[in-house]
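Per my numbering, residue 114 is the first one in the sequence shown, and the count goes up by one each step. What follows is one structure encoded as structure tokens, with my remarks underneath.
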Amino acid sequence: MTEAKPSAPPHADSADIAVASAEAGHVILDGPPGLAATLSPEAAVRLGESLIAAAAEAKRQAIAD
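Next comes the structure, spelled out in structure tokens:
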């Protein structure tokens with residue numbers, strides 16, 4: 114099993130962070146409580162790209178406020 118450990122900003126609560134791992138050719142997304150998903154590698158890549166784009170937009174919005 115291979116885990117990707119996200120680096121959290123200092124103010125982030127570790128209970129709010131999801132962790133992805135690879136198992137048997139699938140990507141497992143686990144946490145925070147209430148979130149769990151099993152994705153194909155292709156779906157995980159698309160989700161990752163979407164999350165990065167959404168995070169960038171959220172940062173731009175926060176700066177504009």
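Don't be surprised by glycine CBs; every beta carbon is placed ideally from N, CA and C.
Should residue i be labelled buried (16 or more other beta-carbon atoms within 10 Å of its own) or exposed?
i      : result
Ala133 : buried
Val140 : buried
Ala121 : With a pLDDT of only 49 at Ala121, under the threshold of 50, the placement of this residue in the model should not be trusted; the figure read from the coordinates follows. Under this definition Ala121 is an exposed residue.
Where residue i and residue j are concerned, what is the direct C-alpha to C-alpha distance, given to the nearest angstrom?
i      : j      : result
Val166 : Leu152 : Before going further, note that residue 166 is Ala rather than Val in the sequence given. Rounded to the nearest angstrom, the two C-alpha atoms are 19 angstroms apart.
Gln174 : Gly161 : 20 angstroms
Ser163 : Ala135 : 19 angstroms
Glu70  : Gly138 : The requested residue 70 is not part of the displayed model; the chain covers only 114 to 178.
Ile176 : Ala131 : 25 angstroms
Val158 : Ala149 : 16 angstroms
Ala128 : Ala168 : 18 angstroms
Asp143 : Asp178 : 32 angstroms
Tell me which residue opens and which closes the alpha helix (DSSP H) that residue i is part of.
i      : result
Ala133 : Where Ala133 is concerned, there is no enclosing alpha helix (DSSP H), although the beta strand (DSSP E) it sits in stretches over 132-136.
Based on DSSP bridge pairs, tell me the residues matched to residue i.
i      : result
Leu142 : Ala133, Ala150
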